[in-house]
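**Q** All residue numbers for the sequence shown refer to this note's numbering, where the first residue is 576 and numbers rise by one. Backbone N, C-alpha and C fix where the C-beta goes; we use that ideal spot for every residue, glycine too.
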Amino acid sequence: MKRVLLLALVVLGLVGLAACGPTEEPPVEEATVTSLQILTQPSKTEYQLNEEFSTAGLQVKAIYSDGTEKILTASELQVSGFSSTVPGSKTVTISFGGQQVTLSALVFDPNADRELIQISLTSLPNKQNYKVGETFEAEGLVVEAVYSTGDKENVTTYDLTGFVSSAVKLDGVATVTFEGKTATFPYTVRNILVQGVTATEIVVGNTAATSGFFAAVGVPFNAAIDAYFKMINAQGGINGRQLKFVTYDDGFVGSVGLTYTKRLVEEDNIFALVGHFGTNTVDATLGYIQETGVPMVYAATGVNGLYFQESPLNPVMAVQPIYKTDGRIMTARALNESLYGPNGDQKISSTAKVGVLYTTTLDGLSIKEGIEAQAAVEGRTRNMVYRTFSAADSAALNTAILDLISNGVQAVILASNQAPFKAAVNAMQRIGLTVPVFTSYVNADATSVDATVDYQFPMYANAWVDIVDPEGVAGFSADYWYFATVMSENGYPQYAANAFAMAGFIAADIFVKGLQRVGANELTWESYIKAMESEALSVPMAGTVDFTGGKRWGIASMALLKLDLSSGTPAWAKVRDIEELVEIQAK
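#1: Would you check if there are 3 or more beta carbon pairs closer than 8 Å linking the stretch 769 to 781 to the stretch 812 to 821?
#2: Which residues in the same chain as Ile-1104 place their Cβ atom closer than 7 Å to its Cβ, once the five residues preceding and following it in sequence are excluded?
#3: Here's a check: name, in chain order, each residue in its chain whose Cβ is nearer than 7 Å to the Cβ of Asp-901, leaving out the five neighbours to either side.
#4: Using a Cβ-Cβ cutoff of less than 6 Å, which residues in the same chain neighbour Gly-1125 once the five nearest sequence positions on both sides are dropped?
#5: What does the Cβ neighbour count give for Ala-1134, buried or exposed, with the cut at 16 atoms within 10 Å?
#6: Enumerated in chain order, which unbroken segments of the beta strand (DSSP E) with a length of 3 residues or greater are wholly contained in the stretch 944 to 1029?
#7: From Ile-692 to Lys-756, what does the alpha carbon distance come to, in whole angstroms?
#8: Should Met-1077 be labelled buried (16 or more other beta-carbon atoms within 10 Å of its own) or exposed?
#9: Thinking Val-682 and Gly-663 are a contact (beta carbons under 8 Å), I'd like their distance in whole angstroms, please.
#10: What are the uninterrupted segments assigned as alpha helix (DSSP H) that are 4 or more residues long and contained completely in the stretch 862 to 904, given in chain order?
#11: So Phe-1058 packs on Phe-1075, CB below 8 Å; how close in whole Å?
#12: Got a sec? Which residues, its chain only, sit under 6 Å from Gln-949 by beta carbon, not counting five neighbours each side?
#13: Counting C-beta neighbours from all protein chains within 10 Å, is the total for Leu-1156 16 or more, i.e. buried, or is it exposed?
#14: Once you ignore the five residues that flank Thr-697 on each side, which residues in its own chain have a CB closer than 6 Å to its CB?
#15: Among Leu-678, Tyr-622 and Arg-1092, which one has its Cα closest to the Cα of Ser-659?
#16: Given Ser-1142, which residues of its chain have a CB within under 6 Å of its CB, disregarding the five upstream and five downstream residues?
#17: Identify every residue that forms a DSSP beta bridge with Pro-761.
#18: Which class does Met-1116 belong to by DSSP, given the choice of helix, strand or coil?
#19: May I ask you to list the residues that DSSP assigns as paired with Glu-644?
#20: Below 7 Å CB to CB, which residues in the same chain sit around Thr-1119 once its five sequence neighbours on both sides are set aside?
#21: Could you spell out where the beta strand (DSSP E) holding Ala-1247 opens and where it closes?
#22: Rounded to the nearest angstrom, how far is the Cβ of Val-987 from that of Leu-1008, given a contact under 8 Å?
#23: Would you mind giving the Cβ-Cβ distance between Ala-680 and Phe-657, rounded to the nearest angstrom? I have them listed as a contact below 8 Å.
#24: At a threshold of 8 Å, does Asp-688 count as lining the ligand NAP (C-beta to nearest heavy atom)?
#25: Enumerated in chain order, which unbroken segments of the beta strand (DSSP E) with a length of 3 residues or greater are wholly contained in the stretch 1018 to 1098?
#26: Work out the CA separation of Asn-911 and Arg-1151 for me, nearest whole Å.
#27: Which stretch, first to last residue, makes up the alpha helix (DSSP H) that contains Phe-820?
#28: How should Lys-1162 be labelled, buried or exposed, when 16 other C-beta atoms within 10 angstroms of its C-beta is the threshold for buried?
#29: For Gln-574, does the count of other Cβ atoms within 10 angstroms reach 16, so buried, or fall short, so exposed?
#30: Using CA atoms only, rank isn't needed, just tell me which of Leu-979, Pro-700 and Val-707 is closest to Leu-735.
#31: Could you tell me whether the Cβ of Phe-1051 comes closer than 9 Å to any Cβ of chain D?
#32: Just verifying my parser: in three-state terms, what is the DSSP assignment at Tyr-803?
#33: Please state the DSSP three-state secondary structure of Asp-1152.
#34: Only counting the same chain, and skipping five residues up and downstream in sequence, which positions put a Cβ closer than 8 Å to that of Pro-1033?
#35: Closest to Val-1000 by C-alpha separation, out of Thr-666, Tyr-1030, Ala-1049 and Ile-845, would be which residue?
#36: Helix, strand or coil for Pro-597 per DSSP?
Put into C-alpha cells, the structure is as follows:
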C-alpha cells in the first residue's frame, strides 16, 4: 500500500460533555413508507391518443419511518390515473408501500376541438427576490398555453395574484391565471437584496476559530481563503473588483459566532459568507442566514440542517458531505468491504455485532442518524450495539468499551469529531479492543491520532477529497499541485500540504466560480445564487457539487483511507477510490 498524503477535510464539532456509558439498544420495529419523492420526471410527458404510459426515465425515492431511503425500480411502482382515450391533462398517481405521489402527463388529439388544457411557465421572472415595498416585475416571465390539439402558444393576457411585498416573506407563492388554468412560482421579500459590492470591491467574510483548540483548523483554513483571494486580486479581480476578506475569531462558540455573523452582515455589509466555520456557529446562524438572504458558500461542517431536498434560491450552499451521508457511507464500508480476517480480504459476517461509539453532541448524533439509517437498509439493525461516550469522562468511556467487548463486537464505528475520536481509540488500545475502526472524514488527519501510540488495530476513515494521481508529478494530481502553488506563492508555504487549508481553498474556489458565472451582469444575491444553480460545479481535488433545481445535498461520494503507521509517523493512505453509496452497498 503506497503511503500518500490523501487528506480528508474537517467537519467541526464541539467536544461532547454529556454523561456517557452504556445505553439501551434501540427497539427494532418494522419500517414503513412515510412518503415518496419524484427525483426525475419520466422522459415522456406528452402522448397521442391511445398511447400507453411510459415510466422510462422516472426515478422515485421511498422514505421510510426509520429514516432510510430506497430508489424504487419501475417494477415496484404502481401507476394509476392515466388514460389516453381522450385529450387533456392527466394526473398520474404513483403508489408504493401505501404512499402516493402524483405527476402530470398531456394527451393530444390533432383532430380534436381546440381547447385549453394547461398553462406552464417556460421561463420564470428574472427577479424573484424583492425588497420590502417593491412592485412585481414580469420581465422574463413566459406563460405558455397548451391546447388539446397539441398546439402551444405564449400568452401575455394573464392575471397574477398572490404577490405581496409589504413585509419580509421567505415563502411567497405567486399564481398566474389564464382562462381558468393556473401555474405558480416562488418569490421572497427581504430587507436587503445586495450589499458589499462596489465598482471596485466585493466584501466577503467569515467567523472562525483561530484561537484555542481549533486554531489548528481555523488558521490554515482562513489562510487558504486569503491566499486564493490574493491570487484572484493579483490577476485583476472579478470584473475589475478586488475581493476583500473580513474574519473574526469566534473561539468555536456558537453564540459568539452568531454575534460576529450579524456584525459581518449588518456592520461590515458583506456580500457573502465564505467558509462558514464549525458545527456550533453554522447551527446557530442558519435561521439568520435564511432570514437575511446573505449567500453562504461552503460550511466547514456536515450538520444535517444544511440538507435541503429541493430549495431554489436558498442562500445556504453547503459543499462538503452532510453528516448523515457520512454516517451511512462509513457503515456501508464496515458492512460490505473485504477488510477483515488475517489477510484483510474477507467481509464481516452477516451475524457479527458492530459497536457504535458516539458523542451526544450535534456532530455525533447527526452521524449516528446516518449509521442507523444504513444499518436498517442493510437489514443489520439488530447487529448494532450503540454506546455513548465523552472524551471528558474517561471512566465512562472505559466502561463503554468494556461493554462492547462483552458484546463480542467485531468492528467499531466511531461517530465524533477529532478530540473524542483520539480519546476513544487510545482507550481501545489501552483496554485491548483490537477490532477494525471506521470513522468520519473529520478524523482523517494525522493530528487525530497519537503519534506515540502503536495502534494494534486497523483504522479506516471516509475522505471526499482525493489528491492522488499515479500519473501525476510525484504521484499527486494537478489540482493538488495548483493548490500547493497558490499557497506557496501567496505567503503560506507552511500549509501547502495541510488538509484544513485544502478546505478553505475549496471554499474560496467555489465562491469565485459563482462570481465568474455572473460575469459582467448585475451582481446581486439573486443573480449570484441563480448562477450557482445553473449547472453543477467542479470541486478542486474532489468531484462535483450540484445546486441545480435547488439541490442542497453536499457531496455524496467518498473514498476510504487506512491509517498507515509503517514509517513511524501517522498518515492516511487510500485503499478505496471515491465511490457512491449505492456502489459500496452493492459489494
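**A** Taking the definition as stated:
#1: The stretch 769 to 781, when compared against the stretch 812 to 821, does touch it at the 8 Å Cβ threshold.
#2: Annotation for Ile-1104: Pro-870, Leu-888 and Pro-890 place their beta carbon closer than 7 Å to its own, counting only its chain and skipping 5 residues before and after.
#3: So the qualifying residues of the chain are Gly-877, Ile-942, Gly-945, Ser-1015, Tyr-1016 and Asn-1037.
#4: Counting only Cβ-Cβ distances below 6 Å, and skipping sequence neighbours, we find Glu-885, Ser-886 and Pro-887.
#5: It is buried - the Cβ of Ala-1134 has at least 16 other Cβ atoms within 10 Å.
#6: Fully enclosed beta strand (DSSP E) runs of 3 or longer: 959 to 963, 986 to 990 and 1012 to 1014.
#7: Ile-692 and Lys-756: Cα-Cα distance of roughly 8 Å.
#8: Flag for Met-1077 reads buried.
#9: Gly-663 and Val-682 do touch by the CB rule: their CB atoms are close to 6 Å apart, below 8 Å.
#10: The DSSP assignment places no complete run of the alpha helix (DSSP H) inside the stretch 862 to 904 (cut-off: 4 residues).
#11: Not quite, the Cβ-Cβ distance comes to about 12 Å (not below 8 Å), so this is no contact.
#12: Non-local beta-carbon contacts of Gln-949 in its own chain, meaning distances under 6 Å to residues more than five positions away in sequence, involve Arg-903, Thr-906 and Ala-907 in chain order.
#13: Under this definition Leu-1156 is a buried residue.
#14: Cβ neighbours of Thr-697 beyond the five flanking positions: Val-717 and Glu-719.
#15: Proximity to Ser-659 across Leu-678, Tyr-622 and Arg-1092 peaks at Tyr-622, based on C-alpha coordinates.
#16: Cβ neighbours of Ser-1142 within its own chain (closer than 6 Å, five residues either side excluded): none.
#17: Answer is Val-748, bridged to Pro-761.
#18: In the three-state scheme derived from DSSP, where H, G and I count as helix and E and B as strand, Met-1116 is classed as coil.
#19: Paired residues: Ile-638.
#20: Excluding residues within five positions, the ones whose Cβ falls inside 7 Å are Ala-1111, Leu-1112 and Ser-1113.
#21: What the structure shows of the chain is the stretch from 576 to 1162, and residue 1247 is not part of that stretch, so it cannot be assessed.
#22: Indeed they touch by this definition, with Cβ atoms about 7 Å apart.
#23: Contact flag correct, Cβ pair sits at about 6 Å.
#24: Ligands are entirely absent from the displayed structure, and the ligand NAP is therefore not among its contents.
#25: Complete beta strand (DSSP E) runs here, min 3: 1034 to 1038.
#26: C-alpha separation (whole angstroms): 12 Å.
#27: Note, Phe-820: premise wrong, no alpha helix (DSSP H); beta strand (DSSP E) at 817 to 824.
#28: Classification for Lys-1162: exposed.
#29: No information on residue 574 is available, as it lies outside the stretch 576 to 1162 that the chain covers here.
#30: With respect to the C-alpha of Leu-735, the residue from Leu-979, Pro-700 and Val-707 having the closest C-alpha is Pro-700.
#31: Here chain D cannot be found, since the structure has a single protein chain.
#32: Helix at Tyr-803.
#33: The three-state secondary structure of Asp-1152, taken from DSSP, is strand.
#34: Closer than 8 Å at Cβ, skipping near neighbours: Leu-914, Gly-919, Pro-1011, Val-1012, Lys-1137 and Leu-1138.
#35: It is Tyr-1030.
#36: For Pro-597, the predicted structure reports a pLDDT of 41, less than 50, and the residue's modelled location is therefore unreliable. The matter cannot be settled from this model.
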